Amino acid sequence: MSAFMKQSIQSTSSPGPTVEPQEGSGCCSCQEKWIGHKCNCYFISSEKKTWAESRDFCASQNSSILKLHNRDELQHFIKSSKSFYWIGLSYNENHRAWLWEDGSALSQDLFILSENVNTKNCIIYSTINNILDESCKEKNYYICKQQLI
Numbered sequence: 002m003s004a005f006m007k008q009s010i011q012s013t014s015s016p017g018p019t020v021e022p023q024e025g026s027g028c029c030s031c032q033e034k035w036i037g038h039k040c041n042c043y044f045i046s047s048e049k050k051t052w053a054e055s056r057d058f059c060a061s062q063n064s065s066i067l068k069l070h071n072r073d074e075l076q077h078f079i080k081s082s083k084s085f086y087w088i089g090l091s092y093n094e095n096h097r098a099w100l101w102e103d104g105s106a107l108s109q110d111l112f113i114l115s116e117n118v119n120t121k122n123c124i125i126y127s128t129i130n131n132i133l134d135e136s137c138k139e140k141n142y143y144i145c146k147q148q149l150i
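If you count the sequence shown from 1, you need to add 1 to reach my numbering.
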């Protein structure tokens, strides 16, 4: 075997994030410290940031601050958490509506925001299906979501 062929056969490892298939992830491989579920990867923070810092961190990870598709989406991996997490829902003055970061409207069957929610605030969510509004400048945990399909 020539030296050239031998060299091309040897594998080279490149530095970078390790990607491991996560148990129960179905069709995805997620970065280390991310949780795979139904072709999505989730990052659940262990540090608190403002809403904007949370959104920016998620964007830096090729993901977005969490957009919920249904109430049960997080139940299987943060079942018993009493913590609240920033989600990607904020009030858009131009549209006079609560919108997700991608510009889509909040589905009325997901949860209903009461009339007394301060539209200047951002929304925090807990898995016990509670949502609260809080000043976007407060620091809370957050969840990033990366869709793989």
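Even for Gly, the Cβ is constructed at its ideal location relative to N, Cα and C.
Values in this document were obtained by computation on a predicted structure and should not be read as measured data.
Return the CA-CA distance between residue i and residue j, expressed in angstroms with no decimal places.
i, j, result
"Asn117", "Glu135", "12 Å"
"Ser46", "Asn71", "20 Å"
"Thr120", "Gln109", "17 Å"
"Lys146", "Phe85", "16 Å"
"Leu67", "Asp103", "10 Å"
"Asn131", "Asn95", "27 Å"
"Ser105", "Cys137", "20 Å"
"Leu133", "Ile125", "5 Å"
"Tyr143", "Arg56", "9 Å"
"Lys49", "Gln148", "23 Å"
"Ala60", "Phe44", "12 Å"
"Cys31", "Phe58", "17 Å"
"Ala151", "Lys140", "With the chain running from 2 to 150 in the structure shown, residue 151 is simply not present."
"Asn93", "Phe112", "18 Å"
"His38", "Trp101", "21 Å"
If you compare alpha carbons, which of the options is closest to residue i?
i, options, result
"Leu129", "Asp110, Glu74, Lys50", "A quick correction: the sequence has Ile, not Leu, at residue 129. The option with the nearest alpha carbon to Ile129 is Glu74."
"Leu179", "Ala98, Asp103, Glu102, Gly37", "Shown here, the chain extends from 2 to 150; a query on residue 179 therefore has no answer."
"Cys123", "Leu107, Ser61, Gly37, Gly89", "Gly89"
"Asn63", "Leu107, Asn41, Asn93", "Asn41"
"Ser82", "Lys34, Ser127, Trp35, Ile36", "Ser127"
What residues match up with residue i in a beta bridge as DSSP calls it?
i, result
"Cys145", "Phe44, Ile66"
"Ser91", "Leu100, Cys123"
"Lys50", "Asn141"
Is residue i helix, strand or coil when you go by DSSP?
i, result
"Ser30", "strand"
"His38", "strand"
Under 7 Å: does the beta carbon of residue i sit that close to some heavy atom of the ligand MG?
i, result
"Leu114", "Here there are no bound small molecules, and the ligand MG is not part of this structure."
Problem - Segments of 3+ residues assigned as beta strand (DSSP E) that fall wholly inside the stretch 102-139 - result: 123-127, 131-135
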